[in-house]
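Okay, so here's the structure we're looking at.
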């Protein structure tokens with residue numbers, strides 16, 4: 001893969017790192033990939049490379065840099081405790097501003113030849129939703145975004161296409177939360193929802209026990225079709 005770490009200027013005069021993965025042809029639409037709580041770890045970098053192989057210029061920014069740059073954790077019990085601490089201490093408004101900076105930096109890269117979208121998992125799914133509400137991206141994908149149901153006041157601001165993936169047996173996001181998000185977008189043609197039966201939270205991550213190959217493949221296929229239709 002043609003991948004590297006690049007520096008992104010922040011809105012307040014600092015800078016932070018992001019993992020950049022380029023497609024085989026070198027150019028394509030842009031994708032902001034937003035991490036889970038374990039940082040821009042081996043799994044997230046592999047997902048970035050996966051979408052780069054599909055022709056997207058993928059940028060995975062370091063979300064936790066204001067707490068500790070370069071967080072790269074595994075899915076162990078010990079590392080997960082640290083991951084939850086980083087998530088708990090996250091400054092959400094600053095993080096969304098950092099994501100806006102990352103989106104702008106991605107748009108300005110010479111390799112990007114079209115629109116850009118965001119795609120996030122879990123905490124990253126919620127941040128993908130929040131980024132879409134700022135208008136900084138041309139579309140957003142939210143995999144089991146915990147907490148979106150608590151931020152439905154942002155829904156009217158989201159005019160770009162948005163795709164939601166939820167797990168039927170998610171122990172972090174109850175069915176009532178999914179229904180609330182669906183209700184907030186009722187009658188709007190820009191929102192698409194998929195609920196995957198019989199699977200739990202984190203079904204897309206092959207490094208976690210709840211990984212489900214069929215659901216992950218189905219969601220990825222739907223995401224690629226959605227990206228192709230909305231980003232070109």
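Residue numbers (full-length UniProt numbering): 1 to 232.
Using N, Cα and C, we set each Cβ at its ideal position, and we do this for glycine too.
- Task: State yes or no: is the C-beta of residue 202 within less than 8 Å of the C-beta of residue 210?
- Result: yes
- Classify residue 29 as buried or exposed, calling it buried when 16 or more other Cβ atoms lie within 10 Å of its own Cβ. buried
- Where does residue 115 sit, in a helix, a strand or coil, going by DSSP? strand
- Message: Suppose you measure from the CA of residue 55 to the CA of residue 27; what does that come to, to the nearest Å?
- Response: 7 Å
- In the structure shown, what three-state DSSP assignment does residue 74 receive? coil
- Message: As a quick exercise: from 192, 68, 38, pick the residue whose alpha carbon is nearest that of residue 230.
- Response: 192
- Task: Put residue 4 into one of helix, strand or coil per three-state DSSP.
- Result: strand
- Message: Could you check whether residue 64 and residue 39 sit closer than 8 Å to each other, using their CB atoms as the reference points?
- Response: yes
- Determine the direct distance from the alpha carbon of residue 24 to that of residue 145, and round the result to whole angstroms. 30 Å
- Could you tell me the distance, in whole angstroms, from the CA atom of residue 115 to the CA atom of residue 140? 12 Å
- Item | Residue nearest to residue 207 in terms of C-alpha spacing, selected from 70, 32, 76 | 76
- Quick one: what's residue 57 bridged to in DSSP? 30
- Item | Exposure label - residue 53; buried when at least 16 CB within 10 Å | exposed
- Item | C-alpha distance - residue 175 paired with residue 218, whole-angstrom precision | 20 Å
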